[in-house]
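Read in order, the letters of the sequence shown correspond to residues 60 to 763 in my numbering.
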Amino acid sequence: MSIIFENTMSVPWATPAGIAYIGLFFLTGVGCMVSLPRAWTVADIEVRYGLVGLLSLTGLWALFKTAFFIAPLSLQSAIYIIGLISGFGAVWAWLYFASAYTGRSLHKNSTLRRLGGVAFLIITVLKLTNPVHKQYFTTTEMTTPFRYLAIEHGLVHWVSTSLSYVLATIGLFMIFELYVESGYDTTPLGVLTALLALPVTIDLIAIAMPQLIEFIYAPVGVAIFAVGTLFIVGDQFLAVRTTAQGDAATIVLDETERIQAYSPPAADIFPELDGATGTPLDDALPAVAATEDKDADQVIERDGSDGPRYYLISPRSMTMGDSTVRVLALSDVTESERQRRNLIQRKRELDKQNELYRAIISASFAFVFQIDTEARFSFVSPSVEDFTGYRPDMLNGEPISILGSDEQAIKEARDYLARVLNDGEAIQVRGHPIETRSGNTVYGDIRAEPIYEPSVASSARTTENIIGAQVMVRDASERRQREGLISVINRVLRHNVRNKLTVINGHAKMLAADLDGDSASKADRILNAGNHLLNLSESARRIESHRELSPKLEPLDIVPVISELLTQLNEEYSGASVATDIPETAIAETQPRIETALWEILDNAAQHTGSEPTIDIDVTVTDKQVLIRIRDYGPGLPETEQKVLATGEEDPLVHGQGLGLFLAHWIITNLDGEVSVATTRGTSVDIRLPTPPETVTPETQPQN
């Protein structure tokens, strides 16, 4: 009987010490498992996974330790090994939790995760194979204070344990660093976290005190930390977590919208927070509470030393079980908000300018539109409807042919557009026909310019950067109608005048031949007057023929033109004496019809300087212009004729003798030239024509 009693008293549950050990680890394991449902309610998924993993593995470790004491001696070694594996896994779960809770990304680093997995597998294999190599631990049966297998740790254990303690310390450092940086009063949370290190102290004491079993007490500290943070200081646990998300200035509110805590940077922004803990937000910070939607980001304004400062308030809620905190994170957005407000002000100014521009466009043009590189309308101003009958939405995306009056007009429009899009040319077209929605034809003066990619600097633009064309249309229908009427009247008058004058001249010739004396002289005067009128009719015809010609300029050598005119002058005025000072070439930016203007001036000089006129022609070329000077030595051009040639104008009461000089002025000025007259010792007419931009003149050509 004494033997049976001795064996019974030696089992753990039969001794006070054994009950204490079993109860300690059992309560630890149960506490961890009971805390799991609450851990699953943590809103942050990564923190949740870390915390659940830590509680699960620590709870299993504690339960295996409980089983170790109540299992037969033959199973205790195996149970201890399985518990060690769970405990080593809890170390990695702790690191995962610490990294996620403090806002780091170590737990996401694939390299660190692979290294951790390899280390875990190696240590696990060493633990499982311990019965073979016995380098991790050995066991000795003990009967004091109760019967159990005492664990004698080997070298591999101490290496593994050292690694575990180092990793656990890293996690502790990350968490305590967060507590310090958060700015909150984290004393209760800090105490709970510090209790994680208490079991390590007990482990060290157990080595020196035989009264304590050398058994690793770490699960107890983890359980105290987890249960305390989840059930006791959960609000603070959540509040401190917000700083890990990068918000230095934060205000924490409880479920009743009372200020629970705030960080020092938040107090710097809002001095009203001093002593406001427990005060409703409406009372302490009415400007913050008055934001329109508390679930959306809002910007509030505060006075600063350098002017108004702006803070973005980003609210978010964090929950864990029945604990909920509302965090207001404050970010200084002064620079971006000032820029935003400046942009708004600038937009308002631009809107005013655009409205003014729109008014100017509306007053100056019938409508404005843009064309893309596919010759389709990409924008059309609203005024297009008054001109064509089409609404802008009817034209947007449509090809330009929709406004073509016929195939010829469509072809011309495409040719014009090709010059703009392909060559980067700015063009002007007069009286282009446009078909309205009702089928009528109207006419418009068109100005088109290329649109370049905005991101390309002006100095770097090429035709490759053209993305469309800007086109402005002015209503030319009334002018076209007037010009058409004038053209008809002109043709009719010219036709009838020429026919009647031909009859008059025929009869005047016959009268001059049949009559003598004063009567013959009168007949000659009639004939001269008729010829003068015929010349006027011919000048009018030539003016009309030049009216519709394009003003586009091109390089032209003036020397051959003048040579042809001199040949014509010698044929018509054989007695004329002409002296020239002309270079081999003289390239001007003009058009071939300049020949007509030069002839009118030469013809005028030859007609009015006697029977043997003397004319000088000088041509001078510079880098900017070609100067053609035509000088005669006659009585001098009358003032009225000078005015016609130099300005293209006539006095209503005093008219020039013909239309030739008017035609010369019109052609020269239409070709970007200038004409001036001087009447010292005869008449000197200067015609200045522009030169092409890249023309090299004898004066500018480099000398060897």
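Just so you know, even glycine gets a beta-carbon here, dropped at the ideal spot from N, CA and C.
Which residues in the same chain have their Cβ closer than 6 Å to the Cβ of R520, if we skip the five residues on either side of it in sequence? These residues qualify, in order along the chain: Y511.
To the nearest angstrom, how far is it from the Cα of N558 to the Cα of N564? Cα-Cα distance, rounded: 10 Å.
Looking at the unbroken alpha helix (DSSP H) that takes in T288, where does it start and where does it end?
Counting along the chain, the alpha helix (DSSP H) containing T288 begins and ends at A277 to F290.
Check your understanding: The alpha helix (DSSP H) spanning R478 covers which residue range?
Key -> Its alpha helix (DSSP H) spans residues E466 to D482.
Could you tell me which residues DSSP puts in a beta bridge with S636? Checking the DSSP bridge columns, you'll see S636 partnered with T673.
- Hey, how far is the Cα of I272 from the Cα of A209? Annotation: I272 to A209 spans about 8 Å, alpha carbon to alpha carbon.
* CB-CB under 8 Å to I234, same chain, minus the five flanking residues each way: which ones, in chain order? -> Same-chain partners within the cutoff: A157, Y160, T161 and T252.
- prompt: Relative to the C-alpha of A805, which residue among F436, D745, G669 and R206 is closest?
  reply: Limits of the chain in this structure are 60 at one end and 763 at the other, which puts residue 805 out of reach.
Indicate the three-state DSSP secondary structure (helix, strand or coil) for P71 in the structure shown. It is helical.
*Looking only at C-alpha atoms, which of I104, Q701 and D445 sits nearest to V532?*
Residue D445 is the option with its Cα nearest to V532.
- Leaving out the 5 sequence neighbours to the left and right, which residues in its chain are closer than 7 Å to A227 when beta-carbon positions are compared? Around A227: V150 and W153.
According to the Cβ coordinates, are G142 and F127 closer than 8 Å?
Their beta carbons are under 8 Å apart, which means G142 touches F127 by this criterion.
Can G280 and L312 be called in contact, C-beta distance under 8 Å? No. Outside cutoff.
Query - At least three beta-carbon pairs within less than 8 Å, the region 720 to 730 to the region 658 to 667 - result: Counting Cβ pairs under 8 Å, three or more are found: they touch.
- R107 lies in the alpha helix (DSSP H); which residues open and close that run? Its alpha helix (DSSP H) spans residues I104 to I129.
Subject >> Beta carbon of R688 nearer than 8 Å to that of D745 >> reply: Yes.
If contact is defined by three or more beta carbon pairs under 8 Å, each pair taking one atom from either stretch, is the region 627 to 634 in contact with the region 682 to 696? The answer is no - the region 627 to 634 does not touch the region 682 to 696, with fewer than three Cβ pairs under 8 Å.
Discussion item. Please return the same chain residues whose Cβ sits closer than 7 Å to the Cβ of R747, not counting the five positions on each side in sequence.
Written reply: Q684, L686, G732 and E733.
- Query: Residue range of the alpha helix (DSSP H) that A320 falls in?
  - Reply: From DSSP, A320 is part of no alpha helix (DSSP H) but of the beta strand (DSSP E) over I318 to Y321.
For I181, count neighbouring C-beta atoms within 10 Å of its own C-beta (all shown protein chains included) and say buried if the count is 16 or more, exposed if not. Classification for I181: exposed.
Quiz item: CB D465 to CB T522, shorter than 8 Å?
Solution: It is not a contact, given that the beta carbons lie outside the stated cut-off.
**OP:** Note down, in chain order, each residue of its chain lying with its Cβ closer than 6 Å to the Cβ of E360, except the 5 sequence neighbours on either side.
**Re:** Counting only Cβ-Cβ distances below 6 Å, and skipping sequence neighbours, we find P367 and Y369.
- prompt: Would you report the Cα separation of F426 and S440, rounded to the nearest angstrom?
  reply: Answer to the nearest angstrom: the Cα atoms are 6 Å apart.
Do R317 and G287 have their CB atoms nearer than 8 Å? Going by C-beta atoms, R317 is not nearer than 8 Å to G287.
- request: Have a look at D677 and K702 and give me their C-alpha separation to the nearest angstrom.
  value: Whole-angstrom Cα-Cα distance: 23 Å.
Q) Going along the chain, which residues of its own chain have a beta-carbon closer than 7 Å to the beta-carbon of T125, five neighbours each way excluded? A) Apart from sequence neighbours up to five positions away, the residues of its chain that approach T125 with a beta-carbon distance below 7 Å are I81, F84, F85 and G88, ordered along the chain.
query = When the Cβ atoms of the region 449 to 458 are set against those of the region 498 to 510, are three or more pairs found closer than 8 Å?
reply = The region 449 to 458, when compared against the region 498 to 510, does not touch it at the 8 Å Cβ threshold.
I'd like the list of long-range same chain contacts for Y139, defined as Cβ closer than 6 Å, with 5 residues on each side in sequence excluded. Taken in chain order, the residues that qualify are F127.
query: If you count every other CB in all the chains shown that lies within 10 Å of the CB of S743, and 16 or more means buried, which is it?
result: So S743 ends up on the buried side.
Practice problem: Measure the beta-carbon distance from A567 to I585 and round it to whole angstroms, keeping in mind my assumption that it falls under 8 Å. | Solution: With a Cβ gap of about 4 Å, A567 and I585 count as contacting.
**Asked** Nearest-angstrom Cα distance between P71 and I78?
**Response** So the alpha carbons of these two residues sit roughly 6 Å apart.
Just the C-alpha distance for V680 and R506, rounded to the nearest angstrom, thanks. Cα-Cα distance, rounded: 33 Å.
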